[in-house]
Every structure is written in C-alpha cells, then in structure tokens.
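Residue numbers (the working numbering), protein chains in the order written: chain A, 7 to 323; chain B, 100 to 388.
All C-beta atoms, glycine included, are put in the ideal place defined by N, C-alpha and C.
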C-alpha cells in the first residue's frame, strides 16, 4: 500500500508549468514551505521531539519531576520488564495478544458474513448505518452500556441467560470471563468499519465474474470460496492490519469497564500498564521502555500479516 | 442482480446482527429512565415502569454541563478547524506546487501515520509541562506548569493530522493543472488560488475529513483524561461522565450515568446522521488508497 501511494507525487511533478521557470520556481518553493510551515513545525514539536524524548526515557531512570534528574541507565528498564518475575510478559502482554487476536478474529469473521449478506439486500445504507453506530459513540458510552448489560443482577445478558434457565455469570468480576467479555465488546465496536471497507472491496469485484460462474453452474458457496474470498484478500489484509494496530494498543475500553485492569491483572493490557507506570507509579523509564516493546510487537505482527497474506496469494495464483 | 436465491437467509443474519447492535443502545435509553429500585434488581425488566426524568435532572445536577459542553465544543471546533486548514494548505503544496524536498516531505507525512499514538502520550505531556514562557515557565521551560494546566493542552497534540494531509492531497491532485495555470497567467498568487479555486473544489472531501475529525475529537478520552487529572477545569464531556460515577449515590448511579451518556451522545449522533453519506464515502475512499 505504502509503495503505491509514494509513487503518486512523482507522476504529478513531471508535468511542466508554463512561464519563466527560474523565478516561478523560487516563488513556488517559498510559498510551498509557507503553506507547509504549520505542519512541519507541529511535527517537529509533537512527533520528532517526543520520539527522541521517549527513546531517551526508555534507557533512563526518572520519576517525573525535574528534567535534570533523568539518569541514563542503559537497557536496565528493558531487562527488568522482560526479565523473570516481571508481570509484563505474562499476563500483561499475553492478555494484549489475546485481546487483539480475539477481537480481530470475531470482527473479521462477523463483518465478512455481514458484508456479504448486506450486499444482497435492499436499504443497504440503512443496515450499514446500524452497524456503524458504536463508532460514532464515545468509548465511555460503549464501555458503560456493556458494563450494564453484563451486570450479574439486573443486566440484560444475565436476564436472557436466566430466562432460558441458566445461572447468572459475573462476567467482569470472574477472572476467567473478564477478558473474553471485553473482547466481545471490542469486536462489537469494530464490526461497523470492517463492514464498510469490505463492502468497498465487494463492490470492486466485477458482476460479470459472478454471471460467468453462474452459467458454469457454480453454487453460491463455491463462488464465495473460489472467487469472493480470494479477490477480497487485499481488503481483508487492510482491515486485519489496521484493526490489529488499534486493538494492540487500545485500553480505553478496559479503563472504562474494569477500572484497574482487574480482577487481578486478568484484563490488564500493555497500553494500560504503560499508562499506569507513568502516571500512577511515576516510573517513566519503565513506561517508555514498555511503549517501545509494544511498538515492536505491533511492527512484527503487521509484518507477519503482510507475509502471511502474500504467501497465501502465491499459493492460489 | 445476482444471488436473489436465498435473500431471506441474508435478511435473517443481518437483522439478527442488527439487533445485537441496537439493543445495547435501547437498553441504555431504557435504563436512563428507570426509577429508584428499578435497576439492579432481579428479575431483569427491559422497559422502565414509567418514564422517570429524575435521572436526567440528577445528571444535569451532578455534572457541570455548561463547563463540560463548553470544553468539548471548544476542543472539537478548534481541532476540526485546525486540521481542515493545515491539511488543505499542506495538501495543496504537496499536490500542486513544485519545490525541492517535496517527495521527502510527502513520505515523511505518510510515515507519521504509522506511529501508534500511545508512544506520544508521555512525551507530549512533558513537552506541554515544559513549554517555554507559558504557565509560569521561564525561557528554558522550567519553574511552572507550562501549557499542561491550560485548556490549550487538550487540543495541542491534535492540530495537524498526517491522515488529513494525505486525504486532502489525494483529492487536490485530481484538480486539473490547466485551471490553476489559467489563474496563474491571470496574475493570481498561490494563496488566492488556494482560497478561490482549491477550497471550493475540495468541499466534499473537506466535509468528510471534518466529520471524521469532529467525531474523533468529540469522543477522545485518554488524552483528555490525562489533562483533566492535572486540571479539572479542562474536563471534557466523556471524562466528566466517566468520573460522575465516583460521586453519586451508589443505588442510583447507573441510571444517572446512562442519562448523562444519552445527553452526550445526542449531538454527535445528530451530526453523524445528517452528514453520514459523506462519512461513509470518506471511509470508503480513504480506507482503500
């Protein structure tokens, strides 16, 4: 994707402009940098500077008061979060991976089925809007709505369970069900945008392909497996990568639904632990080191997906 | 149209899924009307016994709504305006002006999108605390609280969007060069061209970008929570409602919080439903390019 987009400006720049080239060129350069000035200034202060600062903190010890107290200690922060007895690898990073993997798989499968179904119905816009509602709602609302739904006494989900004769489940306070319960909510919020993007992918498949396959006597199921799915691969890759990136770092839902990543770290994820280390315990070095470890995890998972989808592509083509 | 063979199955699946999407919102509205003793008891009842507006009164009473709405509106308007302006200016420069370093700047803008926001949470906060000559700070950024205690802190990290610049640039590229050249031959400066030709031509994509930015800014939580912890006067609506739970009468907390949530969802829902076709189109075009 990135390689495709970076090529675009070169094509535009090859066009020539009429007029006196030298003076016009100089004037355009000045104007261009004037137009870009706010952007470049912003990125210098809020992108480059923070990155350098985060790197420095990751290899330092600092309790967050005076900048003069930052003490470089090498890779000590990394050693302690990755070492024995640290809760960062298990359960926190494991939770993060389970949270991301679970929610993305559910959202992808559900959106694949739903996008295909919606594509055959009337009032498609209405249906898509319905599934899009959680995305325009703040995470505070989503988290609280589901907290109420999961409530052991007087919540809708347990009301349904009781109605069919099953006992109530303490979804968010039982360590075994807490994380899966939040995974479901994360998937619930992610389905809408996945449907939207998959629909764009579906609409891009020429109708004539299906007509030809239908003439050949292919059933709906065969067409889905042999045509729709392979042709959707780039779109699926895009959805999968962006959703993994979001899910691996998001923790707003967890703050809202369990407050402290509990019960007993059962819903603690890396983004939240980083936040706690910095703003609750004042250990900014550890927090920054965690941020970079998580960044690396995201990078590896993104590259792994690119590799996986490309390999699958070669096998079938 | 193809595959009309089993539409009832599709209807069934989509309608069942639709229920899963809508019922939580309905439960939210229903719970917001439940009176004392109606919520948190068995057996579960979906409908409230009667419409009790007491929770709304309590939510309005417990929340400093003028402050929260004021902060949320200021943040949303400032961020949306800033993102639209900077994206359009930078997008025009990257799409239509020729200057040394253009390819590099464009690639840089694309790269900014790949860094996860959490990486900036801590440094951004520190940069604001140590902002020179603000909030009691000296020239070297020490001695005071910088911008961290000001409402400015809420908007600072969101004023420019790499995604926005990318989206605008992709759109401006498709404006024919001849139109711009004709204006240049007539003696129009680049700023005039941007104002008179580029801005009107990019209205649809500007609405899309504005809407995406509006929704994100209105719903932003983590950064606002951080700033509100440092300075409660800078609290926004989502943060205020979340913190509401700590102060209320526990027996009635949930229905009151639900009432507050309904109040906070309404503005963004109205904007979304009014402009949703642009939103959908924006996600479709931006998501795939």
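query                                                                                                                                                                                   : result
Specify the secondary structure class of residue 151/B as computed by DSSP and reduced to three states.                                                                                 : coil
Can you tell me the Cα-Cα spacing of residue 106/B and residue 367/B, whole angstroms?                                                                                                  : 34 Å
Less than 8 Å separating the beta-carbons of residue 137/A and residue 198/A?                                                                                                           : yes
Taking the C-alpha atoms as reference points, what is the distance between residue 303/B and residue 252/A?                                                                             : 27 Å
Should residue 126/B be flagged as near chain A, meaning a C-beta pair shorter than 8 Å?                                                                                                : yes
Label residue 373/B either buried or exposed according to how many other C-beta atoms from any shown protein chain fall within 10 Å of its C-beta, with 16 as the threshold for buried. : exposed
May I have the straight-line CA-CA distance separating residue 375/B from residue 167/A, to the nearest angstrom?                                                                       : 36 Å
So, helix, strand or coil for residue 354/B, using DSSP?                                                                                                                                : helix
Just confirm the distance between the C-beta atoms of residue 261/B and residue 249/B, as a whole number of angstroms; I'd bet it's less than 8 Å.                                      : Their Cβ separation, rounded to whole angstroms, is 25 Å, which puts residue 261/B and residue 249/B out of contact at 8 Å.
Can you tell me the Cβ-Cβ gap for residue 150/B and residue 132/B, rounded? I've got them flagged as a contact below 8 Å.                                                               : 5 Å
What in chain A is Cβ-close to residue 289/B, meaning under 9 Å?                                                                                                                        : 33, 34, 37, 38, 40 and 41
How would you list, in chain order, the residues of chain A whose beta-carbon sits under 8 Å from the beta-carbon of residue 188/B?                                                     : 41, 42, 44 and 45
For the stretch 293-309 of chain B, which residues have a beta carbon sitting closer than 8 Å to at least one beta carbon of chain A?                                                   : 293
Count the CB pairs spanning the stretch 329-344 of chain B and the stretch 284-302 of chain B that are closer than 8 Å, and state whether there are at least three.                     : no
Which runs of the alpha helix (DSSP H), 4 residues or longer, sit entirely within the stretch 221-299 of chain B?                                                                       : 251-254, 261-271, 276-284 and 289-292
Within its chain, find whatever has a CB closer than 8 Å to the CB of residue 388/B; leave out the 5 residues flanking it on each side and keep chain order.                            : In this prediction, residue 388/B has a pLDDT of 40, which is less than 50 and means its spatial position is unreliable; what the coordinates show is noted afterwards. Taken in chain order, the residues that qualify are 269.
Suppose you measure from the CA of residue 254/B to the CA of residue 39/A; what does that come to, to the nearest Å?                                                                   : 24 Å
Please state if the CB of residue 177/A and the CB of residue 156/A are separated by a distance shorter than 8 Å.                                                                       : yes
Does residue 389/B have its Cβ less than 8 Å from a Cβ in chain A?                                                                                                                      : The requested residue 389/B is not part of the displayed model; chain B covers only 100 to 388.
Going straight from the alpha carbon of residue 321/B to that of residue 228/A, what length do you get?                                                                                 : 46 Å
Less than 8 Å between the CB atoms is what I'm expecting for residue 6/A and residue 141/A, so what's the real figure, rounded?                                                         : Shown here, chain A extends from 7 to 323; a query on residue 6/A therefore has no answer.
Which residues of the stretch 205-234 of chain B have a Cβ closer than 8 Å to any Cβ of chain A? Give them in chain order.                                                              : 205, 206, 207, 208, 209, 211, 214, 215, 216, 217, 218, 219, 220, 221, 222, 223, 225, 226 and 229
Note down, in chain order, each residue of its chain lying with its Cβ closer than 6 Å to the Cβ of residue 193/B, except the 5 sequence neighbours on either side.                     : 205 and 268
Check whether chain E comes within 8 Å of residue 139/B, counting only Cβ atoms and requiring the distance to be less than that.                                                        : Any reference to chain E falls outside this structure, whose protein chains are A and B.
Jot down the residue ranges of each uninterrupted alpha helix (DSSP H) in the stretch 161-211 of chain A, minimum 4 residues, whole runs only, in chain order.                          : 162-169 and 181-209
At which residue ranges does the stretch 91-135 of chain A contain complete alpha helix (DSSP H) runs of 4 or more residues, listed in the order of the chain?                          : 100-124
Please report the straight-line C-alpha distance between residue 142/B and residue 160/A, rounded to a whole angstrom.                                                                  : 6 Å
Who are the Cβ neighbours of residue 106/A in its own chain at under 7 Å, not counting the five residues just before and after it?                                                      : 250, 253 and 254
Indicate whether the contact test is met: 3 or more Cβ pairs, each with one atom in the stretch 230-242 of chain A and one in the stretch 68-88 of chain A, closer than 8 Å.            : no
Are at least three pairs of beta-carbons, each pair with one atom in the stretch 295-302 of chain B and one in the stretch 211-225 of chain B, less than 8 Å apart?                     : no
What does DSSP give as the partner residues of residue 171/B in its beta bridges?                                                                                                       : DSSP output for residue 171/B lists no bridge partner at all.
Assuming residue 208/A contacts residue 122/A under a Cβ cut-off of 8 Å, what Cβ separation, rounded to an integer in Å, is found between them?                                         : 7 Å
Within this structure, are the beta carbons of residue 199/B and residue 45/A separated by less than 8 Å?                                                                               : no
Look at residue 275/A and residue 102/A and say whether their C-beta atoms are less than 8 Å apart.                                                                                     : yes
Return the Cβ separation of residue 257/A and residue 281/A in integer angstroms, given the expectation that the two are a contact with Cβ distance under 8 Å.                          : 7 Å
Residue range of the alpha helix (DSSP H) that residue 302/B falls in?                                                                                                                  : 302-318
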